[in-house]
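Take a look at the structure set out below.
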Amino acid sequence: MQYRKLGRTGVEVSTQTLGAMMFGAVGNPDHGESERIVHRALDAGINFIDTADMYSAGESEEIVGKALKGRRDDVVLATKFFFPLGEERNARGGSRRYILRAVEDSLRRLGTDRIDLYQMHRRDWETDLEETLDALTDLVRQGKVLYVGSSSFPADWIVEAQWAAERRGGVRFVCEQPQYSIFSRSIEESMLPAARRHGMGVIPWSPLAGGWLTGKYRRGEQAPEGARFAPSDNPAWRGRTVDTDPSVSARYDAVERLTKIAEQAGLSLTHLALGFVAEHPAITSTIIGPKTMAQLEDLLGAADVRLDAATLDAIDEVVPPGTDMAGIRHMTGNPSLDAGDRRRS
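Anchor point for the sequence shown: position 249 equals 244 in my numbering, and the numbering is continuous, going up by one each time.
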């Protein structure tokens, strides 16, 4: 396992981050196995764990908290806020009112007195960014949070957040958590350069493109039971076939080409995909999100993978730099993309 500084903080984190989204009802409901996954990851050298209050409605945070008893000081612990966890209309977003409540709930579930990295899970387009940063600054000054970060922020808002923090003498976002994979490369054009200019760490999510880059989805084959994009299991994917959605056929084609590239490099497709993400100089640590111990063992095997120039060039031929495969959603929630904001009334 290698280690890198998290932006300009001076804190060293492993180049793999254990993502806990699959811990709990949404993924693996077996708390004992999830805790063993955490312990195995720590023993392998991972010292960076990322969760969120909305993962399995707080259950993931509770599992991580139990797993870290006696080992809390060995870990850089990250969680996130933003998404609603109940019906109360103000229990969501980036308002001061909600942030001060959400952090207390996360601290309780995690069983800790501080959160090392507290991240805004999405941009709140309806709340003044200064209000959010002021609230986060207060949490840092109180010692409940050590550093703050963003997730799925577009490049212009990454820059705006840096300027707003400077204007108000508050804390700045020290890292960004974007979607990044061979299938999702549009952040290479502006988001990653912006993060580098401002000395931010980058910890990408979904490096395996929702499982597509493990090779589990193949043309003419039934998706594994419980797979995220199995038509029978995922309402968002239901009815999308090669005949009805061109993006499905394009993904199958890409997987076939990338599998051959991986074989030529002596790697599995999974390790090729993780190695690709880690090679970008802006990337600090790649989030891996295992649901089982077997998945974790496979993912750990990619920790030291390096790709040569010929392999990277071959990947560029499949998905060009700065572009996304059809069907990729970055989920920024940008209201300017809604029809009402694109047409004259």
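From the three backbone atoms N, C-alpha and C, an ideal C-beta is built for every residue, glycine too.
The model shown is predicted, which means the values in this text are computed figures rather than measured ones.
- With a cutoff of 8 Å on beta-carbon distance, serine 242 and alanine 321 are scored as near each other.
- Take the alpha-carbon of valine 154 and the one of glycine 215: they are about 45 Å apart.
- Scanning its chain for C-beta atoms nearer than 8 Å, with the 5 sequence neighbours on each side dropped, one finds around aspartate 48 the residues Glu56, Thr74, Lys75, Phe76, Phe78, Leu80, Ala97, Asp100, Ser101, Arg104, in chain order.
- For the pair of segments examined, the segment 38 to 48 was found to touch the segment -1 to 17: the number of CB pairs separated by less than 8 Å reaches three.
- Residue pairing by DSSP places aspartate 108 in no beta bridge whatsoever.
- In summary, glycine 27 is exposed, with fewer than 16 beta-carbon neighbours lying within 10 Å of its beta-carbon over all protein chains present.
- In this structure, alanine 150 and serine 181 do not form a Cβ contact; the two beta carbons are roughly 10 Å apart against a cut-off of 8 Å.
- Scanning the segment 135 to 187 from its first residue to its last, the whole beta strand (DSSP E) runs of 3-plus residues come out as 140 to 146, 168 to 172.
- For glutamine 11, the enclosing beta strand (DSSP E) stretches over residues 11 to 14.
- Cβ neighbours of glycine 22 within its own chain (closer than 6 Å, five residues either side excluded): Lys286.
- Pairwise C-beta distances place the segment 120 to 127 out of contact with the segment 301 to 314, as fewer than three of them are shorter than 8 Å.
- Rounded to the nearest angstrom, the Cβ distance from glycine 194 to threonine 279 is 11 Å, too far for a contact under 8 Å.
- As summarised for the segment 36 to 120, the continuous alpha helix (DSSP H) elements at least 4 residues long and confined to that stretch are 54 to 62, 91 to 105, given in chain order.
- The C-beta distance from isoleucine 283 to threonine 10 rounds to 10 Å, too long to meet the 8 Å contact threshold.
- Under the criterion of beta carbons closer than 8 Å, glycine 138 and methionine 115 do not qualify as touching, at roughly 19 Å.
- Threonine 265 is positioned such that its CB atom lies closer than 8 Å to that of leucine 208.
- Glycine 296 has its alpha-carbon roughly 13 Å from the corresponding atom of methionine 288.
- Two segments are said to touch when three or more pairs of C-beta atoms, one from each, lie closer than 8 Å; by this definition the segment 311 to 325 does not touch the segment 24 to 42.
- For valine 300, the three-state secondary structure derived from DSSP is coil.
- Annotation: the continuous alpha helix (DSSP H) that includes threonine 265 extends over 264 to 274.
- In this structure, DSSP gives glycine 196 an extended state, which the three-state scheme calls strand.
- With a cutoff of 8 Å on beta-carbon distance, valine 70 and tyrosine 113 are scored as not near each other.
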